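In what follows, a single structure is set out as structure tokens and then discussed.
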Amino acid sequence: MRTMVSIKYENISIAYGDFVVVENLSLDINDGEITTLLGPSGCGKTTVLRALAGFVDPYEGKVFMGDKDITLLPPQNRNTAMIFQNYALWPHLTIFKNVEYGLKLRLKEKIVYNIQLSETDILEDIYFTEYGSPEFIVKTAEALANIAKSKTAEDAWNITWEDLVSSSDDLSEIPANKGRYVIGALQKAIRFHYEIVIKSLPEWLPEKRTSSEKKKLSKPFHLNFFWVTKPYYWISKKKYGDAKAEADNEWKFRRDKVFDVLKLVHLEDQAEKNPTELSGGQQQRIALARSIVVEPDVLLCDEPLSNLDAKLRTELRTEIRSIIKKIGMTAVYVTHDQVEALAISDRIAILHEGDIQQYGTPTEVFTNPNTLFVAQFIGTSSTFVGHITEANIVCLKGGETIKINTKKEIPSGTEVSVVIRPENVSLTSSTDNFIDFEINTIEYLGTEVKMTGILKDKSILLIDVPEQAEKYAKMNVGDKLKAYIQTDEVFVFIGDERIY
Numbered sequence: 068m069r070t071m072v073s074i075k076y077e078n079i080s081i082a083y084g085d086f087v088v089v090e091n092l093s094l095d096i097n098d099g100e101i102t103t104l105l106g107p108s109g110c111g112k113t114t115v116l117r118a119l120a121g122f123v124d125p126y127e128g129k130v131f132m133g134d135k136d137i138t139l140l141p142p143q144n145r146n147t148a149m150i151f152q153n154y155a156l157w158p159h160l161t162i163f164k165n166v167e168y169g170l171k172l173r174l175k176e177k178i179v180y181n182i183q184l185s186e187t188d189i190l191e192d193i194y195f196t197e198y199g200s201p202e203f204i205v206k207t208a209e210a211l212a213n214i215a216k217s218k219t220a221e222d223a224w225n226i227t228w229e230d231l232v233s234s235s236d237d238l239s240e241i242p243a244n245k246g247r248y249v250i251g252a253l254q255k256a257i258r259f260h261y262e263i264v265i266k267s268l269p270e271w272l273p274e275k276r277t278s279s280e281k282k283k284l285s286k287p288f289h290l291n292f293f294w295v296t297k298p299y300y301w302i303s304k305k306k307y308g309d310a311k312a313e314a315d316n317e318w319k320f321r322r323d324k325v326f327d328v329l330k331l332v333h334l335e336d337q338a339e340k341n342p343t344e345l346s347g348g349q350q351q352r353i354a355l356a357r358s359i360v361v362e363p364d365v366l367l368c369d370e371p372l373s374n375l376d377a378k379l380r381t382e383l384r385t386e387i388r389s390i391i392k393k394i395g396m397t398a399v400y401v402t403h404d405q406v407e408a409l410a411i412s413d414r415i416a417i418l419h420e421g422d423i424q425q426y427g428t429p430t431e432v433f434t435n436p437n438t439l440f441v442a443q444f445i446g447t448s449s450t451f452v453g454h455i456t457e458a459n460i461v462c463l464k465g466g467e468t469i470k471i472n473t474k475k476e477i478p479s480g481t482e483v484s485v486v487i488r489p490e491n492v493s494l495t496s497s498t499d500n501f502i503d504f505e506i507n508t509i510e511y512l513g514t515e516v517k518m519t520g521i522l523k524d525k526s527i528l529l530i531d532v533p534e535q536a537e538k539y540a541k542m543n544v545g546d547k548l549k550a551y552i553q554t555d556e557v558f559v560f561i562g563d564e565r566i567y
């Protein structure tokens with residue numbers, strides 16, 4: 068059963084040199100909730116996330132995970148995992164190995180095992196991963212793989228350059244010294260298999276490395292890396308994995324765990340591919356799998372969808388929320404995209420200049436903004452400056468009047484800001500709370516029309532028209548209309564303070 072973990076920032080202050088990014092910030096995050104740190108660039112949201120990860124230290128205040136003070140705890144000793152904006156996947160490792168990587172680092176126990184594979188099993192499914200290699204290496208390696216896969220390890224060891232050239236016309240122009248390097252790389256890989264996996268050498272294998280094994284090329288390339296360091300690239304992966312799982316409980320645990328999370332992100336059939344073979348959305352799902360496979364107490368997400376196109380962002384944010392809630396872990400999510408924050412979060416902390424302006428559910432921050440900044444930042448809106456002329460009446464700079472609904476009595480002449488959302492403006496209502504405007508732009512979006520209007524002082528009013536879209540789409544710029552405003556949905560501020 069997963070440990071219940073809450074998070075608490077207690078009056079933390081963080082600076083880079085003389086520049087104070089966050090000052091006296093406090094925030095409580097409940098266990099199992101997805102909390103989003105939302106704000107414009109430079110507001111301090113990533114810094115707050117990095118303080119939880121242990122990448123930056125507050126000069127004042129404390130950070131708690133559950134009841135444990137982790138303020139000065141090194142990152143590797145905090146049970147957290149992070150999803151980065153740029154995926155941060157190893158390009159030379161398979162999807163399986165990328166996801167497994169964190170598990171290997173966290174599991175300390177090492178078991179010595181002896182895998183029982185026959186001589187033909189070793190080379191049965193040999194193939195070459197050509198990541199970054201020159202063309203002549205690819206050709207030579209493919210020819211060698213085709214010959215070796217039908218042979219025992221001993222016969223494969225004894226393959227000569229002449230055998231290769233006679234098997235393929237494509238190799239006739241390749242210099243023999245370069246071609247023999249590929250043969251040496253395979254010989255070295257076979258030796259490594261016996262030395263590291265089987266733990267003993269067969270009689271036919273020389274005790275000392277041959278000249279072919281020692282051969283090097285003047286230009287670096289990746290063939291040697293793959294064949295020498297990864298035995299499962301050149302033997303039957305399934306047979307190797309099954310045999311290893313029988314002898315090594317830790318490996319079996321890692322393998323099963325990796326495939327469990329790959330199934331969760333619907334990519335179990337991509338396990339043996341490299342990240343470069345996947346789409347951006349698939350790569351980000353792999354990054355998510357790599358993070359949750361280690362069962363962190365807290366999942367940290369640093370703008371994970373910002374590199375993706377709009378449609379894919381919409382699909383993935385739904386999928387990420389579903390997976391996190393299914394697992395039941397606490398997550399802290401950073402984004403500057405308000406729609407993403409509203410869709411994925413249980414709670415949202417809106418930051419501005421290092422200060423939390425409001426903390427609440429998506430519904431609370433959208434429908435009941437506490438400050439002028441929050442009202443303008445969440446959703447789309449029009450902001451007008453005016454002054455109180457009489458109870459609940461605001462006169463705008465251009466002379467138009469708007470009715471408001473506040474319980475607090477505001478003295479006549481007080482300057483106020485009013486914020487109106489476009490969905491709370493209608494072109495057909497019969498209310499007496501309206502202002503005249505001149506059409507500035509019309510955007511027909513199929514099911515609705517988005518319109519902007521110019522007031523007398525050249526201020527811009529945003530209007531969403533969800534009904535009779537075709538009718539209003541045919542209107543012309545410069546036409547004059549009335550905008551009917553829902554009085555109860557007008558937000559009123561004196562300075563930055565909301566007046567209710």
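For the sequence shown, position 96 (counting from the first letter as 1) is numbered 163 according to this note's numbering, and the numbering increases by one without interruption. Idealized CB from N, CA, C, for every residue including glycine. In this text the structure is predicted, and so the values were computed from the model without any measurement.
Evaluate residue i with the Cβ neighbour count: other Cβ atoms within 10 Å of its Cβ, from every protein chain shown; 16 or more gives buried, anything less gives exposed.
i, result
"Asp364", "buried"
"Tyr83", "exposed"
"Leu172", "exposed"
"Leu383", "buried"
"Asp369", "buried"
"Pro242", "exposed"
"Gln337", "buried"
"Asn144", "exposed"
"Leu268", "exposed"
"Leu139", "exposed"
"Gln405", "buried"
"Leu290", "With a pLDDT of 40 at Leu290, under the threshold of 50, the modelled position of this residue cannot be trusted; read the value that follows with caution. With 16 or more other Cβ atoms within 10 Å, it is buried."
"Phe227", "Note that residue 227 is Thr in the sequence shown, not Phe. Thr227 should be labelled exposed."
"Ser493", "buried"
"Lys206", "buried"
"Glu280", "buried"
"Ala398", "buried"
Assign residue i to one of three DSSP states: helix, strand, or coil.
i, result
"Ser449", "strand"
"Ser496", "coil"
"Thr428", "coil"
"Ala416", "strand"
"Thr296", "Low confidence applies here, because Thr296 scores a pLDDT of 35, under 50, leaving its location unreliable; read the following figure in that light. Three-state DSSP puts Thr296 in a helix."
"Phe501", "strand"
"Phe122", "coil"
"Gly347", "helix"
"Arg565", "strand"
"Lys135", "strand"
"Phe151", "coil"
"Thr514", "coil"
"Tyr198", "At Tyr198 the pLDDT is 44, less than 50, meaning the model places this residue with poor confidence; the figure from the coordinates comes in the next sentence. In this structure, Tyr198 counts as coil in the three-state DSSP scheme."
"Thr554", "helix"
"Thr468", "strand"
"Ile477", "coil"
"Asp336", "helix"
"Leu140", "coil"
"Asp422", "strand"
"Lys547", "strand"
"Thr438", "strand"
"Val360", "coil"
"Glu280", "helix"
"Pro242", "coil"
"Trp228", "helix"
Assuming residue i and residue j make a contact with CB atoms under 8 Å, what is their CB distance in whole Å?
i, j, result
"Val432", "Ile415", "5 Å"
"Val72", "Gly133", "5 Å"
"Pro478", "Arg565", "Between Arg565 and Pro478 the Cβ distance is about 17 Å, and since that is not below 8 Å, they are no contact."
"Ile353", "Ile162", "6 Å"
"Asp563", "Phe440", "7 Å"
"Ile74", "Ile391", "In fact, because the Cβ distance is near 15 Å, the residues do not count as touching under 8 Å."
Mind checking who residue i pairs with in its DSSP beta bridge?
i, result
"Gly520", "Ile506, Leu528"
"Glu482", "His454"
"Asp369", "Val401"
"Ser80", "Glu127"
"Asp95", "Lys75"
"Val559", "Val485, Ile566"
"Thr103", "Tyr400, Ile415"
"Phe86", "Tyr83"
"Ile460", "Glu457, Lys470"
### Message
Three Cβ pairs or more, each shorter than 8 Å: is that satisfied between the region 222–234 and the region 247–259?
### Response
yes
### Message
Counting beta carbon pairs with one atom in the region 486–500 and one in the region 549–557, are three or more of them shorter than 8 Å?
### Response
yes
### Message
Three Cβ pairs or more, each shorter than 8 Å: is that satisfied between the region 400–418 and the region 349–363?
### Response
no
### Query
Does the pairing of the region 451–458 with the region 422–429 give three or more beta-carbon distances under 8 Å?
no
### Message
Count Cβ pairs between the region 465–481 and the region 490–509 that sit closer than 8 Å; are there 3 or more?
### Response
yes
### Message
Below 8 Å, how does it come out for the region 509–517 and the region 528–541: are there three or more Cβ pairs, yes or no?
### Response
yes
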